[in-house]
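Residue numbers (this note's numbering), protein chains in the order written: chain A, 1 to 610; chain B, 1001 to 1171.
To start, the structure under review is shown below, and the notes come after it.
Below, the structure written as C-alpha cells:
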C-alpha cells in the first residue's frame, strides 16, 4: 500500500467517523420489510371483469411463454385441526411456467380487480444493473405484460383497480411550501393509464416534518384499495418526533426520551444494568459472514433522541442455546429469542409532559403517536380523513383489502409506546369506507398477518403462528382457525413448517410454506456439530430453507400442496417475492439463481382452473 | 420489534439479521454518504436496502458479503431517487440534489467530489470498506477489470489533488 493509499484511507476513515448518522432502528427496518412483503402479497378483492381498454405503451413480450401444464396434486385424506377442518385434495388448478422474458421483475402492487396492473422494474430481472425505476405494466392474463402509462406528476407506490378504474398512490412533486417531503397523491385513470387525474391527500406533511427529527416525517407505506363504493387509502408516516423542539424554554433532554400513551418521559442517565441479572445485550452471535478486516470506526457522538428498548438475551445459553453455524473460526451460537426492557426500567424519568403541555395536536400528534392516516373517497377525487374507532397508537404493518361489498384494514400494534410487549393484531371492517367497526382478530394472529381478505364473502386471514401457517375465517363473530401444516404434506422428523408468503383474492388463497430443520432441535445441532469447520457460516444449516411448498385453496377448506422446487425447476433460488391471487388465477413470481448475487432473474407460475 | 415479539417464521433469522444490521448499518451508511455526498439519502437508502435484505434474508444472509449486497442495492436505490429528483420540477431554493453534498473539508472529500459516482463507489468500497477488488466487483455487480480501471482513474485524480499529502507524509 502506498503512502497515498494510506493517506486516503485515513482521511476517509476520519471523514466517515465524523458523520453523525443518528441511531439505527432495526425494528423499524424489519417492520418496513414485513409491511412491504405483506403489501406485495395481498390483492384487492373485487369481482373482476377484464378490461379491454386501450393500453398505451410498448408490448414487452407476447406469445413467447414456454408453458407446461402441471396438475395440482393434492395429498389424500382429510386432515383436521382444532377449530376447523382442512382437506387435502385436488383443487383443480393447472400451472403454467412462463418464460422469464415476459414475467415481471421486482414487481409489487399487482392488482386483482379489473385488468391486472403491476409496478415493476423490468421483465424478468429483479435488480437490473441500470435500475430503471418502476413503471406500470398491464396484462389481461398475467402472462403477457405491456407497459402502461403512469401519471407524469407522481412516483407510484401502490395500485388498485376496480372495473375500468385504475388508482395509483404515491408521492407528487414537492414545492417550496411542501418542504423537503413530497405530498402524497392519489391518481385515477379511467382509460387504462392513458390519462390521469391526481389529487393531494389532506395530510400536513410540512408540520410533521418540522416537528420530527431531521430527515424524518415523510409519507411511507402508502396503500390503496378500491371497490365500487370508492377508494380507500392508508398512509403511514415514518420517523420520530423531535421532542426537543417542544420542550419548555430551558428544558433539555441530554439523555433522550421515550414516548408514552399520554406524552413524553424525559430520561436521565442509565442508572441500572441495561439488562437484568443473568441476561446480556450481546448474545454470542458471531458474524453471519466474513465481512472484512476493516478496523471499527471510532464511536460517533451520541445523538440525543428517542431511546429504544434494550434487547436482553440469556447470558448463559444453556438449554436455550441454538447452534446455528460453523465456520473456520469455530462454532457460533445464538439464542432463540430475547426480551425487551423498556427505557424507563433502566433510566430514571426526570420529567414528564403531556401532549397538550408540549403543544402537539392535529396531524403532527397523530404522526408522533404512530397512528395510520386513513382517507376515503367515493369518487377517487375528494378524499376525507376517516377515523378508526379505538385505534391505538403505534400501529404499524397496516394492511388493507376490499371485496365487492367490504373493506378491511389490519394493523399490528404494540401495547406500549416504548415498543415493548407482545404485538396485537387489530382489524376494522366497513361497507362504505367511512364508518368502521373494530373486529377482534383471530386468537392466533397476535404476531401479525401474512394476508387478509375475503373468501366467499367471509373475512379470512393467514398468519404465521408458533404452530406454523394458520388460516382463520370469521363466521359472524366467531373465528375458526386451522393450521396449514396438516395439509402441507410429509414433514421430516425434526423439521418445522413456517409460512413465508401468502395472498388472498377472488380466486382463493395461496401460501408459500417453508419446511426447514428446527433450529432448536438436538438433531439439527448434531448435524451442525458434525459439519465441523467445513461448513460455511450458517448457510449450510440453520435458517436455510430445505423445501418450499406452494399451498393453494379455492375455498379455504380444500388445499393442494406442491413442491416449488419441482414447479420452478432446479434453478429456483428459494425466494418468492410476489404472490397474487387474481380473479381467475394464481400468479407466483419466483426468483432463479442468477449469474451474480444481484441480478436474479425471475419467472412466473400461473395457476388457473383446469 | 424484538426477537421475542416478532414470533415470525424464524426467530433465528430475526436475531441474525438484527446482528447484521447492528454491525453493518452505520458502516455502510457512512460509506454511502461519502459516495453520494448526501447523508440523509444515504441513511434512508441503507434502511431501504436493509429492509429488502431482511425480506430475502434466507438468501442474502448466506452470501459471502451481505454488506456488499446492501451497499449495492442502496446505491442503486439512491441513484434512482436522484434521477427522479432530476426529472421532477424542483423549487428554486432547492440545491441540486445530484451535486456532491456539503463537502468543504477535508481535502480528500473535496477531491472525492471530483469523481463520478461510480468511481467514488469503487474508491469507497476499496479504501473505506476494505473490500478487495474482487469483492468490490461482486458488490457492485461490475467486472473486476472495470473496478480496476475505475480505481486506476480515480486514484490518478486523487493523487493529483492529494499530492501534498504524499509530500507531507514523506517529510
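Cβ coordinates follow ideal geometry from the N, Cα and C atoms, glycine included.
Taking the Cβ atom as the reference point for each residue, do residue i and residue j lie within a distance shorter than 8 Å?
i               : j               : result
residue 381(A)  : residue 373(A)  : no
residue 224(A)  : residue 258(A)  : no
residue 468(A)  : residue 480(A)  : no
residue 1150(B) : residue 1119(B) : yes
residue 462(A)  : residue 509(A)  : yes
residue 154(A)  : residue 172(A)  : yes
residue 1042(B) : residue 1029(B) : yes
residue 579(A)  : residue 497(A)  : no
residue 1021(B) : residue 29(A)   : yes
residue 603(A)  : residue 98(A)   : yes
residue 182(A)  : residue 197(A)  : no
residue 464(A)  : residue 431(A)  : no
residue 15(A)   : residue 1034(B) : yes
residue 275(A)  : residue 341(A)  : yes
residue 473(A)  : residue 87(A)   : no
residue 1128(B) : residue 13(A)   : yes
residue 561(A)  : residue 487(A)  : yes
residue 355(A)  : residue 388(A)  : no
So which residues on chain A does residue i lean against when the C-beta distance must stay under 8 Å?
i               : result
residue 1022(B) : 24, 26
residue 1038(B) : The contacting residues do not exist; residue 1038(B) stays about 10 Å from chain A at best.
Which residue comes first and which comes last in the alpha helix (DSSP H) that contains residue i?
i               : result
residue 197(A)  : Unbroken run through residue 197(A) is the beta strand (DSSP E), 197-200; no alpha helix (DSSP H).
residue 1140(B) : 1133-1140
residue 1047(B) : 1039-1055
residue 363(A)  : 362-368
residue 1117(B) : 1117-1123
residue 208(A)  : 205-211
residue 355(A)  : 355-358
Under 7 Å between beta-carbons, which chain B residues line up against residue i? List them in chain order, please.
i              : result
residue 137(A) : Those do not exist, as residue 137(A) stays about 17 Å from chain B at its closest Cβ, beyond 7 Å.
residue 571(A) : Result: empty, since nearest Cβ-Cβ is about 13 Å, beyond 7 Å.
residue 345(A) : None at all; the shortest Cβ gap to chain B is about 14 Å.
For the beta strand (DSSP E) holding residue i, just list the boundary residues, first then last.
i               : result
residue 559(A)  : 558-563
residue 456(A)  : No beta strand (DSSP E) holds residue 456(A); DSSP gives it neither H nor E.
residue 498(A)  : 495-505
residue 170(A)  : 165-172
residue 96(A)   : 93-98
residue 1064(B) : Careful: residue 1064(B) lies outside any beta strand (DSSP E) and carries neither H nor E.
residue 492(A)  : Per DSSP, residue 492(A) belongs to no beta strand (DSSP E) and is neither H nor E.
residue 189(A)  : 184-189
residue 431(A)  : Segment: none, residue 431(A) is in no beta strand (DSSP E) and carries neither H nor E.
residue 237(A)  : 230-237
residue 385(A)  : 384-386
residue 549(A)  : 547-553
residue 607(A)  : 602-609
Might you give, ordered along the chain, the residues of its own chain that have their beta carbon closer than 6 Å to the beta carbon of residue i, omitting 5 neighbours on each side?
i               : result
residue 142(A)  : 116, 585, 587, 606
residue 351(A)  : 266
residue 1060(B) : 1053, 1066, 1069
residue 618(A)  : Outside the shown range of chain A (1 to 610) lies residue 618(A), about which nothing can therefore be said.
residue 200(A)  : 183, 185
residue 383(A)  : 201, 375, 377
Starting from the beta carbon of residue i, find every residue of chain B whose beta carbon is closer than 8 Å, and list them in chain order.
i              : result
residue 9(A)   : 1127, 1128
residue 242(A) : Near residue 242(A) there are no residues of chain B at all, since even the closest Cβ is about 14 Å away, more than 8 Å.
residue 495(A) : Those within 8 Å of residue 495(A) in chain B number zero; the least Cβ separation is about 13 Å.
residue 555(A) : Near residue 555(A) there are no residues of chain B at all, since even the closest Cβ is about 26 Å away, more than 8 Å.
Below 9 Å on C-beta distance, what does residue i contact in chain B?
i              : result
residue 579(A) : Result: empty, since nearest Cβ-Cβ is about 13 Å, beyond 9 Å.
residue 459(A) : Near residue 459(A) there are no residues of chain B at all, since even the closest Cβ is about 22 Å away, more than 9 Å.
residue 485(A) : Under the 9 Å cutoff, chain B gives no residues; its nearest Cβ is about 13 Å from residue 485(A).
Since residue i meets chain A, which of its residues come closer than 7 Å, beta carbon to beta carbon?
i               : result
residue 1018(B) : 26
residue 1025(B) : 24
residue 1116(B) : The contacting residues do not exist; residue 1116(B) stays about 15 Å from chain A at best.
Only counting the same chain, and skipping five residues up and downstream in sequence, which positions put a Cβ closer than 7 Å to that of residue i?
i               : result
residue 150(A)  : 135, 136, 156, 168, 193
residue 390(A)  : 438
residue 208(A)  : 217, 237, 363, 364, 367
residue 1016(B) : 1061
residue 1025(B) : 1046, 1050
residue 240(A)  : 212, 213, 216, 305, 306
By the criterion of Cβ-Cβ separation under 9 Å, what are the contact partners of residue i in chain A?
i               : result
residue 1031(B) : 12, 16
residue 1151(B) : What residue 1151(B) touches in chain A: nothing, since even the nearest Cβ is about 10 Å away.
Ignore the nearest five residues each way along the sequence and tell me which others in residue i's own chain have a CB closer than 8 Å to its CB.
i              : result
residue 568(A) : 97, 590, 592, 603, 605
Report task. Identify every run of the beta strand (DSSP E) within the segment 239-281 of chain A, keeping only runs that are complete inside it and at least 3 residues long; order them along the chain. Result -> For secondary structure counted as the beta strand (DSSP E) over 3 or more consecutive residues, the segment 239-281 of chain A holds these complete runs in sequence order: 257-259, 263-267.
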